[in-house]
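Residue numbers (the working numbering): 5 to 157.
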């Protein structure tokens, strides 16, 4: 699993996508996945401008497969208050999975992560746990048990 305890952020306050993309980019640099937060933020916007990454059931999966990322990673954010995301179901978003994957050397990894997430996100129990688990360690263990991705692909 590409998510780590330190990449789980519960009950955060963000006002919009811009703030979240800035946070995701800064975290990518802090984790050593990237060197330039501005480039990561631009990559996230480039993908978002193609097609909204806001799905259904208050979940968004902003992502970028880019040469500006050295290592793949996932950042989980649960918002205190939902925000508008121009989602497919026109509902505000409260759960964000930020995915960053290197452009080279990980051709299937990007799709594996999204497929693993999509498979779980259709299950109401999984979504409920994401929204209600208050203990970061419990949520990490739960996600680790439910989301499987081969990182060496």
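Even for Gly, the Cβ is constructed at its ideal location relative to N, Cα and C.
Cα-Cα separation between residue i and residue j, rounded to whole angstroms
i, j, result
"residue 131", "residue 23", "23 Å"
"residue 70", "residue 76", "10 Å"
"residue 96", "residue 39", "31 Å"
"residue 108", "residue 72", "10 Å"
"residue 84", "residue 55", "25 Å"
"residue 102", "residue 142", "20 Å"
"residue 93", "residue 34", "33 Å"
"residue 31", "residue 60", "25 Å"
"residue 139", "residue 80", "14 Å"
"residue 161", "residue 106", "In the structure displayed, the chain extends from 5 to 157; residue 161 sits before or after that span and is not available."
"residue 145", "residue 10", "13 Å"
"residue 125", "residue 25", "21 Å"
"residue 149", "residue 127", "14 Å"
"residue 104", "residue 74", "9 Å"
Cβ neighbour criterion (16 or more within 10 Å) applied to residue i
i, result
"residue 66", "buried"
"residue 53", "exposed"
"residue 36", "exposed"
"residue 50", "exposed"
"residue 48", "buried"
"residue 7", "buried"
"residue 57", "buried"
Presumed contact (8 Å Cβ cut-off) between residue i and residue j, rounded CB distance
i, j, result
"residue 19", "residue 87", "7 Å"
"residue 29", "residue 12", "No, residue 29 and residue 12 are not in contact; Cβ-Cβ is about 18 Å, not under 8 Å."
"residue 82", "residue 134", "7 Å"
"residue 89", "residue 64", "5 Å"
Residue-chain proximity (residue i, chain D), Cβ-Cβ < 7 Å
i, result
"residue 29", "You won't find chain D in this structure, because it holds only one protein chain."
Beta strand (DSSP E) runs contained entirely in the stretch 48-82, provided each spans 3 or more residues: 67-70
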